[in-house]
Amino acid sequence: KNQVEQSPQSLIILEGKNCTLQCNYTVSPFSNLRWYKQDTGRGPVSLTIMTFSENTKSNGRYTATLDADTKQSSLHITASQLSDSASYICVVSSRGYGGSQGNLIFGKGTKLSVKP
Amino acid sequence: DGGITQSPKYLFRKEGQNVTLSCEQNLNHDAMYWYRQDPGQGLRLIYYSQIVNDFQKGDIAEGYSVSREKKESFPLTVTSAQKNPTAFYLCASSNLHPTSGGAYEQYFGPGTRLTVT
Chain A
-13 KNQVEQSPQS LIILEGKNCT LQCNYTVSPF SNLRWYKQDT GRGPVSLTIM TFSENTKSNG
47 RYTATLDADT KQSSLHITAS QLSDSASYIC VVSSRGYGGS QGNLIFGKGT KLSVKP
Chain B
37 DGGITQSPKY LFRKEGQNVT LSCEQNLNHD AMYWYRQDPG QGLRLIYYSQ IVNDFQKGDI
97 AEGYSVSREK KESFPLTVTS AQKNPTAFYL CASSNLHPTS GGAYEQYFGP GTRLTVT
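Protein sequence lines correspond, in order, to chains A and B. Going by the numbering used here, 39 is the number at position 53 of the first sequence; the sequence numbering is gapless. For the numbering used here, add 36 to where a residue sits in the second sequence, where the first one is 1.
So, in structure tokens, the structure goes:
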């Protein structure tokens, strides 16, 4: 069964600290992995998309890693800010017919709270 | 939120009433999607459409209906047959032409929170 598991479920850190969120998946065949940031009551916003051949991708203070062999990804946030408080969702896409993109499988998200 | 608008932001309805959620995009995207988000759960796909006048059921289509009469619009109707309609509804769109590596970027609207009592 295609699944995406995220940990921890929630996390509280102090402003200025770093943190790492984890994502494990069992999606096969794999196409790509995305990280989204979702503020409370808003729609998700894409942070990164990584395909099979990419093992790291950065977007400002956000750095995502992908290990396709162990089927694990992480999202590292550097020098956290109060505005980083949000849910972070890992989404894995399967590979569809003819190499096209298949279904998106969403994790339940990690709720990050950054405190002053 | 890009070029996707959803209205209204909050919607309240009595049990037994149908309600239609609006979704409009000006990104010239071919594909549009409706998701449902419940507390502590991942997004679940309700319906999607890749072309005008055609749409496909997602994982939880029962109790919902959609139409795609225009490329820019993909309204979702929550019918009285939907047993647990209270949720946060998200509309998304994407191009069918992938970026490098074969990934289709999906853009989300701001969402509509529906409460049925």
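For each residue, glycine too, the CB sits at the ideal point set by N, CA and C.
If you follow the beta strand (DSSP E) that A/LEU68 is part of, which residue opens it and which one closes it? Neither: A/LEU68 is in no beta strand (DSSP E) and is coded neither H nor E.
Should B/GLN77 go down as buried or exposed, given a rule of 16 or more other Cβ atoms within 10 Å for buried? Label assigned to B/GLN77: exposed.
Contact belief for A/ALA50 with A/THR42 at Cβ below 8 Å, rounded distance in angstroms: 7 Å
Would you kindly work out how many angstroms separate the C-alpha atoms of A/PRO30 and A/SER14, rounded to a whole number? Taking the straight line joining both Cα atoms gives about 24 Å.
Pairing CB atoms from the segment 107 to 120 of chain B with CB atoms from the segment 63 to 71 of chain B, are three or more of them under 8 Å? yes
Residues of chain A with CB under 7 Å from B/GLU105, in chain order? Simply none; closest approach about 23 Å.
Taking the straight line between their C-alpha atoms, what separation do you get for A/VAL77 and A/PHE16? 11 Å
Cα-Cα separation, B/ILE96 to A/ASN89: 14 Å
Should the segment 37 to 49 of chain B be regarded as contacting the segment 60 to 79 of chain A, the criterion being three or more beta carbon pairs within less than 8 Å? no
Residue-level contact to chain B via CB, A/LYS94, 9 Å cutoff: Yes, A/LYS94 counts as interfacial toward chain B.
Inspect the beta-carbon positions of B/GLY79 and B/LEU126 and report whether they are closer than 9 Å. Looking at the sequence provided, one finds Leu at residue 79 of chain B rather than Gly. A contact, by the Cβ cut-off of 9 Å.
DSSP has A/GLN8 in a bridge; who is on the other side? A/SER(-7), A/SER60
Going along the chain, which residues of its own chain have a beta-carbon closer than 6 Å to the beta-carbon of B/GLN142, five neighbours each way excluded? ALA128, SER130
From what residue to what residue does the beta strand (DSSP E) around A/LYS43 run? For A/LYS43, the enclosing beta strand (DSSP E) has its first and last residue at 42 to 45.
Below-9 Å beta-carbon distance, A/SER32 vs any chain B residue: yes
Other residues of its chain near A/ILE35: CB distance less than 6 Å, five sequence neighbours each side excluded: ASN18, ARG20
Secondary structure of B/ILE40, DSSP reduced to three states: strand
Rounded separation between B/VAL88 and A/GLY46 - CA only: 37 Å
Please state if the CB of A/LEU33 and the CB of A/LEU98 are separated by a distance shorter than 9 Å. no
Thinking B/LEU57 and B/PRO111 are a contact (beta carbons under 8 Å), I'd like their distance in whole angstroms, please. 7 Å
Straight-line gap, A/VAL(-10) to B/LEU81 (C-alpha atoms, nearest Å): 15 Å
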